[in-house]
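Numbering (this note's numbering), first residue to last: 53 to 379. Data block below; observations after.
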Ligand code: SF4
């Protein structure tokens, strides 16, 4: 299956008792596991060099368990302690923010510092799959969203050098305003629109249960973007052409009138479509990115890593300044 591909394995259902056996048999470059699996199999898995991803959605049980079963907080903290004790590499925590926990980002950082964790990613409640059943007031409003982006930037500066913080693509691009001005000047001269995202073009997801192909992990199971299927004999069978080749001419606001659209391409399509679906009740493949931090002008004016990266690229000419990946 992985022949000729870089393969990353996600286990969305980690309750299958055959999991460890499967892990030992399949070939992969990276694997993401979380809480229960690490607790049960941490010693056996430590030889496979995976990324251990823990889901922790709050610094206290009552907050974390808004999104999980009762008792899960203690299981997760136990898994984190075990992983630390065994000195496992590539430890990460993913924290889904919503309307009832976004105000505790600082407390999350403090908790993870206590366990000497080096990587925390804040992600967002995405209106897809089972999350569509959650109450609407669990999703953040615009004020909460602005708070998250601004707090993230403050915390990133505060913990610089001690903990790597990141904000998932679900929040949209977070380029500094200086970079946006600069890109606004040069993007009209770009020969070609950058790809909106690489899902379905350079990478795909194959759902192990249904064998259906989707563009990315965020769109898994969404029938409106099922691209084909995997067949033991035929291999990967694509029935639909990949998406968004004409996005520049068809995309909605705020991207339509954004001066860096040619550079940005409307960013994470899955996030834009899911949030638009939540707000309007419609699937729109050409949805603009709601509450984009760049269009809201809420990012910092200057970011030192962007300035450094610019001069490094300018003088060492390793790559053109127009980057090929997100931020
Ligand atoms: S408004 Fe759209 S095109 Fe402009 S930066 Fe935001 S996501 Fe990108």
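By construction, the Cβ of each residue, glycine as well, lies at the ideal position given by its N, Cα and C atoms. Bear in mind the structure is a predicted one, so any value in this text is a computation, not a measurement.
- Opposite residue 107 in the DSSP bridges: which residues? The sequence position of residue 107 within the chain shown is 55, counting from 1. The beta-bridge partner set that DSSP reports for residue 107 consists of 146.
- Task: Tell me whether residue 286 sits in a helix, a strand or coil according to DSSP, three-state version.
- Result: Position 234 of the chain shown, counting from 1, holds the residue named residue 286. Look at residue 286 here: in three-state DSSP terms it is coil, with no helix or strand label.
- Message: Can you tell me which residues form a DSSP beta bridge with residue 390?
- Response: Given a span of 53 to 379 for the chain in the structure shown, any question on residue 390 remains unanswerable.
- Does ligand 1 have a heavy atom nearer than 7 Å to the CB of residue 347? Numbered from 1 along the chain shown, position 295 holds the residue referred to as residue 347. When distances are taken from the beta-carbon of residue 347 to the heavy atoms of ligand 1, the shortest one is below 7 Å.
- Could you check if residue 111 is buried or exposed, using at least 16 other CB atoms within 10 Å of its CB as the buried criterion? Residue mapping note: residue 111 aligns to position 59 of the chain shown, counting from 1. In this structure residue 111 is buried. Its beta-carbon is surrounded by 16 or more other beta-carbon atoms within 10 angstroms.
- Task: Compute the distance between the beta-carbons of residue 189 and residue 151, then report whether it is under 8 Å.
- Result: Mapped onto the chain shown, residue 189 falls at position 137. Mapped onto the chain shown, residue 151 falls at position 99. Residue 189 places its beta carbon less than 8 Å from that of residue 151.
- Task: Measure the CB-CB distance between residue 248 and residue 343 and report whether it falls below 8 Å.
- Result: Taking the first residue of the chain shown as 1, we reach residue 248 at position 196. Taking the first residue of the chain shown as 1, we reach residue 343 at position 291. No. Outside cutoff.
- Report all residues from its chain with a CB closer than 8 Å to the CB of residue 353; omit the five preceding and five following residues, and keep chain order. The count along the chain shown starts at 1 and reaches residue 353 at position 301. Cβ within range, chain order: 228, 229 and 230.
- Query: Which one of 279, 241 and 242 has the shortest CA to CA distance from residue 255?
  - Reply: Taking the first residue of the chain shown as 1, we reach residue 255 at position 203. Ranking 279, 241 and 242 by Cα distance to residue 255 puts 279 first.
- Message: Quick check: does the Cβ of residue 225 come within less than 7 Å of any heavy atom belonging to ligand 1?
- Response: The residue you call residue 225 lines up with position 173 of the chain shown. At least one heavy atom of ligand 1 is nearer than 7 Å to the Cβ of residue 225, so yes.
- Helix, strand or coil at residue 357 [DSSP, three-state]: Locating residue 357 in the chain shown gives position 305, counting from the first residue. Residue 357 sits in a helix when the DSSP states are folded into three classes.
- Inter-residue Cα distance where the pair is residue 155 and residue 292: The count along the chain shown starts at 1 and reaches residue 155 at position 103. The count along the chain shown starts at 1 and reaches residue 292 at position 240. Distance from the CA atom of residue 155 to the CA atom of residue 292, rounded to whole angstroms, is 42 Å.
- Message: Buried or exposed for residue 340, going by 16 or more other Cβ atoms inside 10 Å?
- Response: The count along the chain shown starts at 1 and reaches residue 340 at position 288. Classified as buried, residue 340 has 16 or more neighbouring CB atoms from the shown chains inside 10 Å of its CB.
- Query: Using the C-alpha atoms, what's the distance from residue 201 back to residue 275?
  - Reply: Counting from 1 along the chain shown, the entry for residue 275 is found at position 223. Counting from 1 along the chain shown, the entry for residue 201 is found at position 149. Computed Cα separation, rounded: 31 Å.
- Task: Report all residues from its chain with a CB closer than 6 Å to the CB of residue 113; omit the five preceding and five following residues, and keep chain order.
- Result: Residue 113 sits at position 61 when you count from the first residue of the chain shown. Here the set comprises 125.
- In whole angstroms, what separates the C-alpha of residue 136 from that of residue 168? Here residue 136 refers to the residue found at position 84 when the chain shown is read from its first residue. Here residue 168 refers to the residue found at position 116 when the chain shown is read from its first residue. Rounded to the nearest angstrom, the two C-alpha atoms are 8 Å apart.
- Query: Can you tell me whether DSSP reads residue 151 as helix, strand or coil?
  - Reply: Mapped onto the chain shown, residue 151 falls at position 99. Here residue 151 sits in coil by DSSP.
- Query: What are the start and end residues of the alpha helix (DSSP H) that includes residue 194?
  - Reply: Residue numbering aside, residue 194 sits at position 142 when the chain shown is read from its first letter. Its alpha helix (DSSP H) spans residues 194-210.
- When DSSP labels each residue in this structure, what does residue 365 get in the three-state scheme? To locate residue 365, count along the chain shown from 1; it is residue 313. Shown here, residue 365 sits in a helix according to DSSP, grouped into three states.
- Query: Under a Cβ-count criterion, where at least 16 other Cβ atoms within 10 Å of its own Cβ denotes burial, should residue 241 be classed as buried or exposed?
  - Reply: Position 189 of the chain shown, counted from the start, is the residue given in the question as residue 241. The C-beta of residue 241 has fewer than 16 other C-beta atoms within 10 Å across all chains shown, which makes the residue exposed.
- Item | Separation of residue 281 from residue 197, as counted between CA atoms | Sequence index remark: in the chain shown, residue 197 carries index 145 (1-based). Sequence index remark: in the chain shown, residue 281 carries index 229 (1-based). Between residue 197 and residue 281, the C-alpha separation is close to 36 Å.
- Message: Tell me whether residue 306, by its Cβ, gets closer than 7 Å to a heavy atom of ligand 1.
- Response: Taking the first residue of the chain shown as position 1, residue 306 is located at position 254. Here the distance from the Cβ of residue 306 to the nearest heavy atom of ligand 1 is below 7 Å.
- Query: For the region 206-217 against the region 330-337, are there 3 or more C-beta pairs whose distance is under 8 Å?
  - Reply: Output reads no: the region 330-337 does not touch the region 206-217.
- Message: Using only the alpha-carbon positions, how far apart do residue 128 and residue 157 sit?
- Response: Looking up residue 128 in the chain shown gives position 76. Looking up residue 157 in the chain shown gives position 105. Taken atom to atom, the span from the alpha-carbon of residue 128 to that of residue 157 is near 18 Å.
- Query: Of the choices 142, 348 and 244, whose alpha-carbon is the least far from that of residue 300?
  - Reply: In the chain shown, counting from the first residue as 1, residue 300 sits at position 248. Scanning 142, 348 and 244 for the CA closest to the CA of residue 300 turns up 244.
- C-beta atoms of residue 132 and residue 106 nearer than 8 Å: Taking the chain shown and counting its residues from 1, the one referred to as residue 132 is at position 80. Taking the chain shown and counting its residues from 1, the one referred to as residue 106 is at position 54. In this structure, residue 132 lies near residue 106, with their beta-carbon atoms less than 8 Å apart.
- Query: From residue 287 to residue 304, what distance separates their C-alpha atoms?
  - Reply: Reading the chain shown from its first residue, position 235 is the one you call residue 287. Reading the chain shown from its first residue, position 252 is the one you call residue 304. The straight-line gap from Cα to Cα measures roughly 36 Å.
- Item | Host beta strand (DSSP E) of residue 171 (start-end) | The residue you call residue 171 lines up with position 119 of the chain shown. Counting along the chain, the unbroken beta strand (DSSP E) around residue 171 starts and ends at 171-176.
- Message: Tell me whether residue 319, by its Cβ, gets closer than 7 Å to a heavy atom of ligand 1.
- Response: By 1-based counting over the chain shown, the position of residue 319 is 267. Of the heavy atoms belonging to ligand 1, at least one sits nearer than 7 Å to the Cβ of residue 319.
- Task: Have a look at 349, 178 and 210 and flag the residue whose alpha-carbon is nearest the alpha-carbon of residue 329.
- Result: Residue numbering aside, residue 329 sits at position 277 when the chain shown is read from its first letter. Ranked by Cα distance from residue 329, the first of 349, 178 and 210 is 178.
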